[in-house]
Amino acid sequence: MARADLVRHQLFLSRELSERLEALARGPGASKSRILAAAVAAWLDRKGADALEHRFMARLDRLSNQLARIERNGQIELESLALFVRYMLTVNAPLPEGDKAAQAIGRDRFKVFVERVGQQLASGRLTFVPEDPE
């Protein structure tokens with residue numbers, strides 16, 4: 002940076018801070034001006050980041066809460082499905098290996114079920130819509 006582009010500033014530092022700056026400036030290729038300029042730039046950059054964080058904090062908090070609700074609802078749905086499947090498997094007896102007619106009916110019912118789920122998802126309509134707690 003050209004000397005003409007630099008602006009002189011006068012500032013006061015505590016004795017302890019001044020001694021630490023002196024010790025740091027004794028290193029090779031270091032100067033008080035460079036150290037202070039880098040420190041001020043880092044402090045100002047961090048302040049800018051804090052301002053952005055404050056601007057977006059409410060939105061990020063809202064998104065975080067929505068994501069937590071979605072995760073909770075997904076866990077409830079999976080647990081409900083798991084309990085239903087366990088109940089159905091314990092209540093209904095398995096089909097005998099040789100009963101091809103019953104197995105064919107089961108395959109047909111499952112195929113219809115999968116198609117119906119696909120139709121519901123494609124239409125955007127939901128069979129079960131829980132009440133919104135808000």
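Residue numbers (the working numbering): 2 to 135.
The beta-carbon is built from N, C-alpha and C at its ideal position, and this holds for glycine as well.
Being a predicted model, the structure only gives us computed values, none of them experimental.
Check	Outcome
Would you tell me roughly how many angstroms separate the C-alpha atoms of residue 58 and residue 77, rounded to the nearest one?	28 Å
Rounded to whole angstroms, what is the Cα-Cα separation between residue 27 and residue 51?	33 Å
Curious, which full-length alpha helix (DSSP H) runs of at least 4 residues does the stretch 33–109 contain?	33–92
Do you know offhand how far residue 41's Cα is from residue 25's?	16 Å
Measuring CB to CB, does residue 96 end up less than 8 Å from residue 107?	yes
Taking just the CA atoms, how far does residue 38 sit from residue 9?	11 Å
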